[in-house]
Each structure stands twice: as structure tokens, then as C-alpha cells.
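Notes to accompany the following structure.
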Amino acid sequence: MTPEVEAFVGGTVTPLVDLLRFPMYNVLSDIERIKLAITLLKAVLKFHSTPWWPAWWGLKDALIFHRTDADFSMSLRTLHLNAEIEHRDLATVNAGSRPPPSTASIGRGDYLTQEAVQHAMENHGIRNLTLYGVGVALLEIGLWVRIPWEDHVQVRRKTARLSFLGRQYRTATKRLIDCDFGLAIEDINDPRLQQAIFQSSVAELESLLSKIQIDDDS
Numbered sequence: 176m177t178p179e180v181e182a183f184v185g186g187t188v189t190p191l192v193d194l195l196r197f198p199m200y201n202v203l204s205d206i207e208r209i210k211l212a213i214t215l216l217k218a219v220l221k222f223h224s225t226p227w228w229p230a231w232w233g234l235k236d237a238l239i240f241h242r243t244d245a246d247f248s249m250s251l252r253t254l255h256l257n258a259e260i261e262h263r264d265l266a267t268v269n270a271g272s273r274p275p276p277s278t279a280s281i282g283r284g285d286y287l288t289q290e291a292v293q294h295a296m297e298n299h300g301i302r303n304l305t306l307y308g309v310g311v312a313l314l315e316i317g318l319w320v321r322i323p324w325e326d327h328v329q330v331r332r333k334t335a336r337l338s339f340l341g342r343q344y345r346t347a348t349k350r351l352i353d354c355d356f357g358l359a360i361e362d363i364n365d366p367r368l369q370q371a372i373f374q375s376s377v378a379e380l381e382s383l384l385s386k387i388q389i390d391d392d393s
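The number in our numbering is simply the position in the sequence shown, starting from 1, with 175 added.
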């Protein structure tokens, strides 16, 4: 991490999305980016059914705390989710009420209305909103650039061209965005889909991480 980035995040709680403003390798190595992607994917499997992981989740809702005297890879262990439990209940999407923005997204244009969410699902082939969101997050981490969540054309085009972290990373990301795990199941609460996600996307990323770590040590 460069001094510029240290000055920005040191001693503060920072949304991951804010780190995208800096050059990629000034913030994270390839190994750290893959570790981050694995952490987020495991987190969605654990928290998807709770208000901690709202359906419109994005990198703005993932926060880290970085101490200036610590290695940044250690800071990734402080990753936590930002949500307003009393308001941002997942049921609000189905109830038709407008959920409020997270504190991390206020005034930054990151917040999507319930209408925008519903429109995206109904008109742009988003089979599972939760998996699509985490897939977009992995795409942003892979390209290290902000990508409009609702711009499904750009999301899918950039996913098809994603190459920085290799084929396995692109495949894992695409599966999440398309909710395509070889099953006719779209409900993330179904244990069969959860197992498929773990055995495909999580396993692929962990295999990729092992390969890069071996190459890095050789």
C-alpha cells in the first residue's frame, strides 16, 4: 500500500468501493484481491438470508478498518457489512417500500431504488439478485474499476472480457452474475444451490489462489 492510500484509509473504517479510486497495485496484490473475492463469496453464503446482506448489496456495503501500523492483508480480516437492520429488511423489496440508502452510499449516487431493482430483475435476465450483486462486486475487484450495478449490458460485456486474474476468476464471476450452476434452481436458500456455489465458484477461486501462491513462492 502506497503512502497516499495509507493516508486515506489509515485508522478509519472505509467502504471497499472507495479504494477503487486508487491504482490497483497501490492497494492490493493479485493474491489479496483473490482472497477478498473468496471472503465475499463465503460471506454471501453465510449472511444472504439476514438483513446484514440486503438484496441490493454492493461494495459500498463492505467496510474494512485499517491500522496504519498493520499490513493491509491483515486489514482484510476486519471486513464487515454495513446495514441498517431496523430499516433495510429484505422484506421491503417484496413489500414495495423504498429502502433507505446505507450510510456508506448517501450522497454518492450508489443507492438504487426498489423500482430500479425490480426493473433490472424483470427486464434484464437477472435470475438471482443476491448472486448478481456479489458477481458485480467480484467483477469490480477483478477490473479494479467502478461498474454501475444496474447497467447489465456493461456488466455482462466486461465479464466476458475479464482476463486480469485468469480464466478461473472470470468463470466464477460469470456463474454468479448469470446464476448458472447447472441447476434449474434460482433460490439461494436451497441447499443444493449453496453447495453448487461452494463447489464451483468458491473452489475455483481457492484453486486459483493456490496456483498463484505457488508461482509466487517459486
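Cβ coordinates follow ideal geometry from the N, Cα and C atoms, glycine included. Fair warning: this is a prediction, and the values are worked out from it, not measured in the lab.
Query raised in the report: What is the DSSP secondary structure of Thr187, reduced to helix, strand or coil?
Result: strand
Requested in this report: Output the distance between the C-alpha atoms of Trp228 and Ile239, rounded to the nearest integer angstrom.
Outcome: 16 Å
Query raised in the report: In the structure shown, what three-state DSSP assignment does Leu358 receive?
Result: coil
Query raised in the report: If we count the other Cβ atoms within 10 Å of its Cβ and call it buried at 16 or more, is Asp236 buried or exposed?
Result: buried
Requested in this report: Determine the DSSP secondary structure at Gln388, reduced to helix, strand or coil.
Outcome: helix
Report task. Grab me the residues of Ile281's own chain with a C-beta within less than 8 Å of its C-beta, minus the 5 sequence neighbours each way, in chain order. Result -> In this prediction, Ile281 scores a pLDDT of 32, lower than 50, which makes its location untrustworthy; the coordinate-derived value is nonetheless stated afterwards. So no residue of the chain qualifies.
Query raised in the report: Using the beta-carbon count (16 or more within 10 Å), is Glu290 buried or exposed?
Result: So Glu290 counts as exposed.
Query raised in the report: What residues in its chain sit with their C-beta under 8 Å from that of Glu361, if we drop five residues either side in the sequence?
Result: Arg302, Asn303, Cys354 and Leu368
Query raised in the report: According to DSSP, is Phe197 helix, strand or coil?
Result: coil
Report task. In angstroms with no decimal places, state the Cα-to-Cα distance between Gly308 and Asp326. Result -> 12 Å
Query raised in the report: With C-beta atoms as the reference, is Pro194 less than 8 Å away from Val202?
Result: Reading off the sequence, residue 194 comes out as Leu, not Pro. In this structure, Val202 lies closer than 8 Å to Leu194 by Cβ.
Requested in this report: Note down, in chain order, each residue of its chain lying with its Cβ closer than 7 Å to the Cβ of Val320, except the 5 sequence neighbours on either side.
Outcome: Leu195
Query - Close Cβ partners of Leu318 (< 8 Å) along its chain, the five nearest in sequence each way excluded - result: Lys333, Leu337 and Phe339
Requested in this report: With a cut-off of 8 Å on the beta carbons, I'd call Arg350 and Ser375 a contact; round off their distance for me.
Outcome: Sure, about 6 Å apart at Cβ, within 8 Å.
Requested in this report: Report the residue from Asp391, Lys386, Leu380 and Asp390 whose alpha carbon sits nearest the alpha carbon of Lys210.
Outcome: Leu380
Query raised in the report: Using DSSP with H/G/I as helix, E/B as strand and the rest coil, what is Ala218?
Result: helix
Query raised in the report: Can you tell which of Asp391, Leu220, Ile206 and Pro198 has its C-alpha closest to the C-alpha of Asp365?
Result: The option with the nearest alpha carbon to Asp365 is Leu220.
Query raised in the report: From which residue to which residue does the alpha helix (DSSP H) around Pro226 run?
Result: That residue, Pro226, is in no alpha helix (DSSP H); it is neither H nor E in DSSP.
Query raised in the report: Among the residues of its own chain, which have a CB less than 7 Å from the CB of Phe299, if the five just before and after it don't count?
Result: Contrary to the premise, residue 299 reads as His rather than Phe in this sequence. Here the set comprises His327.
Requested in this report: May I have the straight-line CA-CA distance separating Pro226 from Trp232, to the nearest angstrom?
Outcome: 10 Å
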